[in-house]
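Heads up, the thing below is written out as structure tokens.
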Amino acid sequence: MSIEIDADQVAERLAKLHSAWKKRRDQPTWGGGTSAICLASGTANESDGYSKSSAIQVHLLGWEFPDTLIVLTDTKCLVLSTQKKCLLLESSVQKVNEAGRLNMQLLTRSKEDQNSANYQLIVKAVKNSFGGESKVGYFTKETFSGGIVAGFDAQLEEAGLEKADIGQGVATVLAVKAEAELELVKRAAAITNRVLKNALVDELETIIDETKEVKHSELAAKVAAVIEDPSKIGLKVPPEHVEVSAMPVIQSGGAYDLRVSAQSTDAVLRADVILVSLGARYKSYCSAVSRTFFVDAPKKVEKAYAACLRAQEALIAALRPGSTCAQAHAAAVAELKKRNPDLVQHLPRSLGYCTGIELVDRSHQLSAKCGAPIRKGMTFVVCVGLSGVPLSAEEKAGAAGDALRLETFAVQVGDTVMVDRGTGEAQLLTKHKKDYGDVSYFLADKGSDEDGDDDDGDEEEDADAGKPKVLQGISGGEVLPTRTRVKKDTQDAERQAEREQKQSELMRKKNEERFKQLSRRRGGGDEDGLEEKEAEELRAYPEGPRSLPAEATGSTIRVDRAAETVIVPISGRPVALHVSTIKNAVLPDPDAAGAAYLRLNLYCPGQTSGKDTPAQIAQLVAKHGESRAFLKELTFRARNGQNLQLVHRQITELRKAARQREADARNRAQLVRQAELVRMKDQRVPRLQDLTVRPHLSGRKTTGTLEAHVNGLRFLGSRGERLDVLYANIAHAIFSPCKGETMVVIHLHLKHHLLVGKKRHRDVQFYTEAMEASVNLDAARKSAYDPDEMVEEQRERELAKRLDATFKDFTRKIEKVAGAHGQKLKFEVPYHDLGWHGTPHREMVYVQPTVSCLVNVVDTPFFVVDLNQVEHVHFERVMFSAKNFDMVIVMKDLEEQPKRIDMIESKYLDRIQDWLTDMGFTYTSGPANLQWKAILQTVKEEGHHFYLDRDEGTGEAKPAGWNFLKVDDASDEEAEGEGEEESEFEAEEDEEESEEDEDDDDDDDDDDEFVDEDDESEFEEEELSEEGEDWDELEKKAAKDDRTRKRDWEDEDGDGGGGGGGRKKQRGGGGGSSGRRRK
1 MSIEIDADQV AERLAKLHSA WKKRRDQPTW GGGTSAICLA SGTANESDGY
51 SKSSAIQVHL LGWEFPDTLI VLTDTKCLVL STQKKCLLLE SSVQKVNEAG
101 RLNMQLLTRS KEDQNSANYQ LIVKAVKNSF GGESKVGYFT KETFSGGIVA
151 GFDAQLEEAG LEKADIGQGV ATVLAVKAEA ELELVKRAAA ITNRVLKNAL
201 VDELETIIDE TKEVKHSELA AKVAAVIEDP SKIGLKVPPE HVEVSAMPVI
251 QSGGAYDLRV SAQSTDAVLR ADVILVSLGA RYKSYCSAVS RTFFVDAPKK
301 VEKAYAACLR AQEALIAALR PGSTCAQAHA AAVAELKKRN PDLVQHLPRS
351 LGYCTGIELV DRSHQLSAKC GAPIRKGMTF VVCVGLSGVP LSAEEKAGAA
401 GDALRLETFA VQVGDTVMVD RGTGEAQLLT KHKKDYGDVS YFLADKGSDE
451 DGDDDDGDEE EDADAGKPKV LQGISGGEVL PTRTRVKKDT QDAERQAERE
501 QKQSELMRKK NEERFKQLSR RRGGGDEDGL EEKEAEELRA YPEGPRSLPA
551 EATGSTIRVD RAAETVIVPI SGRPVALHVS TIKNAVLPDP DAAGAAYLRL
601 NLYCPGQTSG KDTPAQIAQL VAKHGESRAF LKELTFRARN GQNLQLVHRQ
651 ITELRKAARQ READARNRAQ LVRQAELVRM KDQRVPRLQD LTVRPHLSGR
701 KTTGTLEAHV NGLRFLGSRG ERLDVLYANI AHAIFSPCKG ETMVVIHLHL
751 KHHLLVGKKR HRDVQFYTEA MEASVNLDAA RKSAYDPDEM VEEQRERELA
801 KRLDATFKDF TRKIEKVAGA HGQKLKFEVP YHDLGWHGTP HREMVYVQPT
851 VSCLVNVVDT PFFVVDLNQV EHVHFERVMF SAKNFDMVIV MKDLEEQPKR
901 IDMIESKYLD RIQDWLTDMG FTYTSGPANL QWKAILQTVK EEGHHFYLDR
951 DEGTGEAKPA GWNFLKVDDA SDEEAEGEGE EESEFEAEED EEESEEDEDD
1001 DDDDDDDDEF VDEDDESEFE EEELSEEGED WDELEKKAAK DDRTRKRDWE
1051 DEDGDGGGGG GGRKKQRGGG GGSSGRRRK
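First residue of the sequence shown? That's 1 in the UniProt record's numbering, and the numbers climb one at a time after it.
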């Protein structure tokens, strides 16, 4: 590797160092009156990774020059080194001398006189500097080895020159970094963050999930190997530029050491409270991060960790230019004293340190005794921890597994932080998640079969029998029934109060973060960084009326398919209407005289834009809505209705063709061209046979084989069909085992749509049915202990277990193949125990969370919500007397319509709210359905002001962010009472239904291709009444229905025909409902 010296950088930084020393050379930090400073370095010593002597050389020269002497006097810079090193520095001499501040001179080592002449020249220059003072600045706390430095030490003693330490002065220069140095620290922090996320956390979860016995030191060594070769996790960084800044430290089992010098022991990793620390060094600049992971931890540990997070936030906020390290330390202590005074005694002396070329700058530690000032351009590792916190037997309530053995515990959270050179604000560089919900795990041991049909106590239903399952974001175990009602109510009240407190804190943080994000975007221009495309005017006939077809007259209606226009007569003259301006065409009933009518409804301002509104028309209406007059409706009358019927049919067909053309263009614009799939040739290809793919490739059920190749997956159908999915296009890979379902599924949620047939899809799925979805029951009455049925059930359980094991093994092979070729792919498994039943589309399904999604991948249409894109969650129809509620998921992209899950049973409300809180999402609730289109429009118009708690215009207090959706505590009578004034955002169902009725010819929806029409009636015919009837009334009603039904059948038999109509009328109930209505 060739060594290049940046001459401009050497000249600039050498002048900066010289100026800093000259201004403060009389201060103790620079030795107290030194006439020269000596920057010496001995021979290379691998055991001493960090020293001021090597750090200042790297800062000045970009490289460490062993056995080299650099001496600065009032006007000179003398460098004594070997001939090769002097040759590298020759280009810098000219730049330094041109600057005019210093005269740089290179002295080549001489073996003939043992450098005697060189030493005499340097000593003479020192004695002539600043009037011949006898002090020389030196790194007195370091011991140097090597011929050049050893000989110079002897010359200093012989000349009677005193050494004075300049370590603190040099540290002050190194602490403040230029933009180029800060960029290197940012890259080091990015590498550290990626290693923590993709190497350490993944390995840690695997160890816990599979109950492996791994030593702390073994795991630390494995992580260190990834840092030194980042290509193992897909980072394209030259390995020679990256090294370990400090050996990773893994601690668990109750033995914790929070010092920087701590080391990993050979003890086996325990699944309790796990402390991890690691750091990467990029081009000699360091970064570090520390996290604590919790497995089945008790509440006291969670509260201590929350206090630790608040203290770290307070410390980071106090890192402002003008304050001192001691003041920042005091801010963290004050925050801890305010809420948790009992934990102050468990704080370490130092809560962080300045970092850079040296990992730890001990002259800038965040401690109570360090008065060093904080300046712009400094970088810190802010590491707040608590150690030796006792844990009594009572305080272990809620813990499980290894956490029950803890007598004391420790928590720690550390990040690399930069004080911005421009704004002076402290910016977080290591952004790995650290909220409790992101670093806590719950081990759910497999118990007996959930459905109660496993009769063999030695066998378990799941393929991972006997192994714990890692669940992310769960802070405690399952809620078990309490022995008394009073105790249960008390626990529920405490849990709700704690949840509300966490939600308040989460809402505050979200408002602050979103305000900063939107403010920065606003300062940079358009939020998306793109200019909005101006609406194009419609020009059906560019040359005007002269280009109208010859058959167009002032008395007839014509449809010009070529120009996509409808030519209508207005005041005896033909007028062209582009088909996209027509909202719908209606044929009303003829009048009493037999005349026919045709009504054309047109788009105009003031109307709600539906999903079928052409984008160009919506832009034009918004553009000209206030400046031009619009036609809303045209009605035509004719004595003979045949022509109007023909025109109506032609307009309908033309509108459908135009909508299809626009949809195809929109689909093509959203598609991203995939690279070609690279087939695996040099090794065995992992494959899984007899799979069915959805969506179907040829319009019908498609079965075939799925293969894992170098850069993607390939599905080969039995009839020659082919579908390729690249790893780079997979946003989320989900493996859904056959637990409580009839099939085992591999589901791929894509980043960009794929074109399958003529339709675009963002979800692709491969599955195998483990059992029959429906069973035909004959009239014979069978015993529950029928041996044939028991054998059949046992066979189905064994098949499901085999399929789960086969699919899981295949997913691991896919992960291995992708990882071996630099692709990152991790399959997520839905947490069945955390799921709930709801209606995201048209039928009731079981929705389950994964680590990063909320999914239902068994029923179609699929439901996949990326949790990273969720902004807020609101619960509708939440009332004491309600049996169900609705869940609305607001996305960060406010242009995207909120996701809905309707008809969720009220018993799931606490479970969902606990999960959302542990995952760090904010939520609100209310008794009514809301008009989300109007709400989102208001949020977009307010911009970053939406997240403020005061109106900037009037100064009046207002709810900040989504707090305005909260409903004050009120009785159900108030929520349901009559005469209440409706909110401006409350949904008006009648208006929505009437608008839908007007557009009933626009009911083509490509998203519903998977919906079975026969299954839509499950909730359409239900009467969702909140008031139940007792058993006596129900029995009387059922008996009456039986008698009525019997009479109807007798009447049909007596009539001898036409019975179908009577039966249909009896069952239909006189019309029925077209859909479920929300209360």
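Where is the CB? At the ideal position from N, CA and C, for every residue including glycine.
- Remark: C-beta atoms of E551 and R558 approach each other more closely than 9 Å.
- By the neighbour-count criterion, in which a residue is buried when 16 or more other Cβ atoms sit within 10 angstroms of its Cβ, Q94 is exposed.
- R281 sits in a strand when the DSSP states are folded into three classes.
- Only residues of its own chain outside the window of five on either side were considered, and among them H709, N711, G712, R714, D724, L726 have a CB closer than 7 Å to the CB of L677, listed in chain order.
- Note that the stretch 409-420 touches the stretch 282-299; at least 3 beta-carbon pairs, one per stretch, sit closer than 8 Å.
- If you draw a 10 Å sphere on the C-beta of S571, you find fewer than 16 other C-beta atoms in it, and that means exposed.
- The residue among I357, S323, V389 with its C-alpha nearest the C-alpha of A368 is S323.
- Here the alpha carbons of I901 and G641 stand approximately 46 Å from one another.
- Under the DSSP assignment, F144 falls outside any alpha helix (DSSP H); it carries neither an H nor an E label.
- The residues C286, T379, V381, in chain order, have a CB closer than 6 Å to that of T355 in the same chain once the five nearest residues on each side in sequence are set aside.
- Taking a C-beta distance under 9 Å as the contact criterion, I122 and L60 do not qualify as a contact pair.
- Per DSSP, the beta-bridge partners of W836 are V847.
- C38 is bridged by DSSP to V71.
- The continuous stretches of beta strand (DSSP E) do not include D949, and DSSP gives it neither H nor E.
- The stretch 262-313 is shown to contain no whole alpha helix (DSSP H) run of 4 or more residues.
- For Q251, the CB contacts under 6 Å within the same chain, skipping 5 residues up- and downstream, are L275 in chain order.
- The residue from G943, Q897, E905, G920 with its alpha-carbon nearest to that of K933 is Q897.
- For G169, the uninterrupted alpha helix (DSSP H) segment begins and ends at 167-175.
- In this structure Y282 does not touch R421 by the C-beta definition: roughly 19 Å separates them, more than the 8 Å allowed.
- Assignment of beta-bridge partners to I746 by DSSP yields F735, F766.
- K303 and L391 do not touch by the CB rule: their CB atoms are close to 12 Å apart, not below 8 Å.
- Per DSSP, P787 has no beta bridge partner at all.
- T917 sits buried, since 16 or more C-beta atoms from the chains shown fall within 10 Å of its C-beta.
- Around the beta carbon of P239, fewer than 16 other beta carbons sit within 10 angstroms, so the residue counts as exposed.
- Within 10 angstroms of the beta-carbon of V195 lie 16 or more other beta-carbons, which makes it buried.
- Taking the Cα of L161 as reference, the smallest distance to any Cα among V185, S134, G147, G151 is reached at S134.
- With fewer than 16 other beta carbons inside 10 angstroms of its own, G757 counts as exposed.
- In its chain, beyond the 5 residues on either side, S41, G42, T43, A44, G146 have a beta carbon closer than 8 Å to the beta carbon of P66.
- For V71, the number of other beta carbons within 10 angstroms of its own is at least 16, and it is reported as buried.
- The DSSP assignment places 83-99 as complete runs of the alpha helix (DSSP H) inside the stretch 63-115, in order along the chain (cut-off: 4 residues).
- Under the three-pair Cβ rule at 8 Å, the stretch 598-605 counts as touching the stretch 617-634.
- Per DSSP, reduced to three states, the secondary structure at L716 is strand.
- If you ignore the 5 residues before and after Y908, its C-beta comes within less than 7 Å of the C-beta of W836, all in its own chain and listed in chain order.
- Exclusion of the five residues before and after Q823 leaves Y727 as the residues of its chain whose Cβ lies within less than 6 Å of its Cβ.
- Contact between the stretch 124-144 and the stretch 26-40 is established, with three or more Cβ pairs separated by less than 8 Å.
- Selection A332, L319, R320, A326 evaluated against A307 yields A332 as nearest (Cα-Cα).
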